[in-house]
Amino acid sequence: MLNLILLCSCSRSPADLPPTDVVPSHAQLQYHQMEFIGFIHFTVNTFTDREWGFGDESPQVFNPSQFDADQWARIADEIGMRELILTAKHHDGFSLWPSRFTEHSVKNSPWQNGDGDIVAEFAAACRRHGVKVGLYLSPWDRNHADYGSPTYLAYYHNQLRELLTDYGEITELWFDGANGGTGYYGGAYEERRIDRATYYDWETTWALVKALQPGTLIFSDAGPDIRWIGNERGLAGETNWSTINTAGIVVGEADAAYLNTGDPNGAQWVVPLCNTSIRPGWFYHPDQDDEVKTPQGLVQIYYGSVGRNCVLLLNIPPDRRGLFHEADIAALREFRQILDETFAVNLAEGKPVTADSHRRRHPKFAPANLVDSNPDSYWAAEDGTQQAVLEVDLIGETGFDRIMLQEPIRLGQRIAAFAIEARIGGEWTPIAHGTTIGYKRLLRTPLVSADRVRIIIEQANNVPALSSFGLFRASAREPSQ
Ligand code: FUL
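For the sequence shown, counting from 1, position 257 maps to 260 in this note's numbering; every step adds exactly one.
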């Protein structure tokens with residue numbers, strides 16, 4: 004018995020660094036760790052060459068000739084996307100599944116003689132390839148006769164119920180804020196404005212989602228789980244806090260600048276999500292085949308999103324065959340290759356690290372944890388400290404031009420300003436400066452050759468902690484700085 008007690012007390016490590024007031028849920032943490040996910044805009048617009056269908060499109064136009072959801076999921080998996088979100092219904096109201104509550108769906112299309120179900124095939128293909136399933140159900144519905152009146156909300160809830168009941172685990176639901184007013188609306192052909200603050204009764208709608216699938220994460224301008232970054236270019240603010248105050252944010256009327264940087268005093272943790280499209284449009288248009296973003300352009304977006312504490316949601320619109328277009332696939336593959344080449348070798352890994360502050364001098368909080376390739380271990384400064392300097396000995400001249408920093412965000416986001424210095428030719432030289440870090444911060448610098456590197460934490464809202472530090476040499480295919 005005594006032995007047992009002794010054994011337990013010897014092997015017990017100290018408690019974690021106390022978390023900050025606002026921390027992510029386990030599901031939010033797992034979501035952020037996916038880093039890169041995909042969007043699929045596909046509906047009647049694909050066949051009518053529009054971005055926003057009016058709602059009067061005949062279901063007869065929907066007829067992909069070689070629909071293959073496995074191709075979507077296979078490519079997504081290959082390029083590192085961990086989730087795909089499909090537009091189950093876009094603003095035109097056409098439902099990609101045979102909803103029992105409308106005739107405006109695949110069941111009245113020629114595709115599979117009206118017996119098909121795009122959502123079901125999509126979900127099954129994702130699961131075959133280990134990709135999580137997300138859905139977009141546009142609140143604005145330009146087809147539905149009741150849109151604008153309270154009865155539409157019952158319809159919207161019925162559709163949500165179908166999607167959350169019949170298709171297995173749904174990791175994310177996307178609630179879009181757009182409402183352009185005019186539409187078909189069951190033949191009325193008029194403009195219908197709604198009060199964005201009250202019409203969708205978001206509290207009730209989101210409660211319904213959580214009642215049906217407690218694990219589903221909800222995206223909107225106001226979260227509650229995932230927030231929009233405030234633009235459709237996929238770019239987060241140079242400063243990007245994971246916290247915001249959601250109270251008072253009206254979905255569709257949010258302050259984009261606020262969402263872009265987050266709020267260090269925010270009372271809610273809402274994972275920032277950067278969405279953009281690989282093409283100018285969200286839907287496929289044949290005349291945009293030569294406007295697919297270049298691999299280098301996509302890499303640029305990656306640094307502005309994943310590299311700034313965001314998850315990147317990249318849209319790949321299937322074409323009229325129902326397949327990702329060859330031009331998109333080629334760009335995505337090279338994009339992936341550039342990232343793989345760049346981040347293949349962490350030149351700081353395993354190198355000696357010292358810090359001027361080290362919590363309780365305990366190995367659990369040791370500076371070496373930064374470069375041990377274990378994402379769960381971390382360094383923390385001594386209690387009561389808000390600044391610190393860490394130094395990495397690279398053991399010889401090392402050339403690098405990419406820097407990665409990560410905070411252990413399960414304990415909150417803390418760092419507000421930092422600098423990186425490198426010892427170049429024996430002289431300490433500032434090479435980068437930043438504000439927030441969060442889940443991941445990536446910095447690009449000109450190529451430097453140094454034998455030591457310093458991380459200077461200049462400002463933090465709590466005891467600073469870091470879980471990873473990396474130095475990399477960019478792929479030759481990336482544009483140099
Ligand atoms: C916007 C929509 O209006 C676009 O069509 C697209 O779906 C984009 C992701 O969200 O608000």
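Ideal placement from N, C-alpha and C gives every residue a C-beta, glycine not left out.
Chain-order list of residues whose beta-carbon lies under 8 angstroms from that of residue i (same chain, five-residue window excluded)
i       : result
Arg-417 : Thr-23, Glu-410, Ala-463, Asn-464, Asn-465, Val-466, Pro-467, Ala-468
Ala-257 : Gly-180, Asp-224, Ala-225, Trp-231, Gly-233
Thr-174 : Tyr-34, Glu-86, Lys-135, Val-136, Gly-137, Gly-218, Thr-219, Leu-220
Leu-156 : Tyr-202, Tyr-203, Asp-204, Thr-208
Asn-248 : Asp-266, Asn-268, Gly-269, Ala-270, Gln-271
Ile-332 : Ile-78
Gln-74  : Leu-326, Phe-327
DSSP bridge partner residues for residue i (one or two, in chain order)
i       : result
Val-136 : Leu-87
Gln-271 : Ile-247
Trp-231 : Leu-276
Gln-74  : In DSSP, Gln-74 forms no bridge with anything.
Ala-468 : Ala-383
Phe-42  : Ile-88, Asn-318
Ser-223 : Arg-230
Phe-475 : Arg-405
Ser-108 : Ser-98
Arg-311 : Arg-444
Thr-185 : Glu-194
The beta strand (DSSP E) enclosing residue i, as first and last residue numbers
i       : result
His-35  : Unbroken run through His-35 is the alpha helix (DSSP H), 29-37; no beta strand (DSSP E).
Val-395 : 391-409
Trp-177 : 175-177
Pro-433 : 430-437
Val-314 : 314-318
Val-25  : Val-25 -> no beta strand (DSSP E), and no H or E assigned at all.
Ala-259 : Looking at the DSSP string, Ala-259 is not in any beta strand (DSSP E); the run it does join, the alpha helix (DSSP H), is 259-264.
Val-356 : 356-358
Alpha helix (DSSP H) segment containing residue i, residue limits
i       : result
Val-47  : 47-51
Pro-449 : Note, Pro-449: premise wrong, no alpha helix (DSSP H); beta strand (DSSP E) at 444-463.
Arg-426 : First-last for Arg-426: 418-427, but that is the beta strand (DSSP E), not the alpha helix (DSSP H).
Ser-61  : It is not in any alpha helix (DSSP H) - Ser-61 carries neither H nor E in the DSSP assignment.
Ser-125 : The sequence given here places Phe at residue 125; Ser does not occur at that position. Start and end: 121-131.
Phe-338 : 329-345
Ala-214 : 205-215
Leu-414 : Looking at the DSSP string, Leu-414 is not in any alpha helix (DSSP H), and its letter there is neither H nor E.
Tyr-158 : 153-169
Gln-303 : 298-308
Own chain, CB closer than 7 angstroms to residue i, minus 5 neighbours either side, in chain order
i       : result
Thr-297 : Ala-334
Gly-184 : Glu-194, Arg-195, Arg-196
Arg-324 : Pro-67, Ser-68, Gln-69
Arg-236 : Thr-279
Ile-460 : Gln-390, Ala-391, Ile-418, Phe-421, Pro-467
Ser-12  : Note that Ser-12 scores 40 on pLDDT, short of 50, meaning its location in the model is unreliable and no value can be drawn from it.
Val-26  : Trp-272, Arg-413, Leu-414, Gly-415
Gly-119 : Val-109
Trp-285 : His-44, Glu-54, Asn-318, Pro-320
Pro-386 : It is worth fixing the name first, because residue 386 is Asp in this sequence and not Pro. Result list for Asp-386: Arg-362, Val-466, in chain order.
Ala-369 : His-361, Trp-382
Ala-477 : Thr-345, Asp-404, Arg-405
Met-37  : Arg-85, Glu-86, Val-314
Own chain partners of residue i with C-beta closer than 6 angstroms, once the 5 adjacent residues on each side are dropped
i       : result
His-93  : Thr-46, Ser-141
Ile-8   : In this prediction, Ile-8 scores a pLDDT of 42, lower than 50, which makes its location untrustworthy; no coordinate-derived value is stated.
Leu-5   : Confidence at Leu-5 is low in this model, with a pLDDT of 43, below 50, so its placement is unreliable and no value can be given for it.
Leu-10  : Confidence at Leu-10 is low in this model, with a pLDDT of 42, below 50, so its placement is unreliable and the value that follows should be read with caution. Correct list: empty, nothing qualifies.
Leu-350 : Thr-401, Phe-403, Leu-474
Asp-52  : His-288
Val-254 : Gly-180, Ser-223, Asp-224, Ala-225
Leu-55  : Inspection of the sequence shows that residue 55 is occupied by Trp rather than by Leu. Correct list, in chain order: His-94.
Leu-215 : Leu-167
Asp-322 : Tyr-287, His-328
Three-pair Cβ contact test at 8 angstroms for the region 54-73 versus the region 434-449: no
Stretch-stretch touch, CB-based, cutoff 8 angstroms, three pairs: the region 147-164 with the region 32-44: no
Validate contact between the region 110-123 and the region 47-63 using beta carbons, cut 8 angstroms, 3 pairs: yes
Cβ pair count under 8 angstroms reaching 3, the region 41-60 against the region 433-441: no
contact_flag[the region 256-264, the region 235-243] where n(CB pairs < 8 angstroms) is 3 or more: yes
Segment contact flag, the region 335-346 with the region 367-379, C-beta cutoff 8 angstroms, min 3 pairs: no
Closer than 5 angstroms to ligand 1: residues, by C-beta to nearest heavy atom, in chain order: Asp-179, Ala-181, Trp-285
Three or more C-beta pairs below 8 angstroms linking the region 171-191 and the region 140-149: yes
Cβ pair count under 8 angstroms reaching 3, the region 386-395 against the region 342-357: yes
Inter-stretch contact at 8 angstroms, needing at least 3 Cβ pairs: the region 271-283 / the region 201-214: no
At least three beta-carbon pairs within less than 8 angstroms, the region 280-294 to the region 305-316: no
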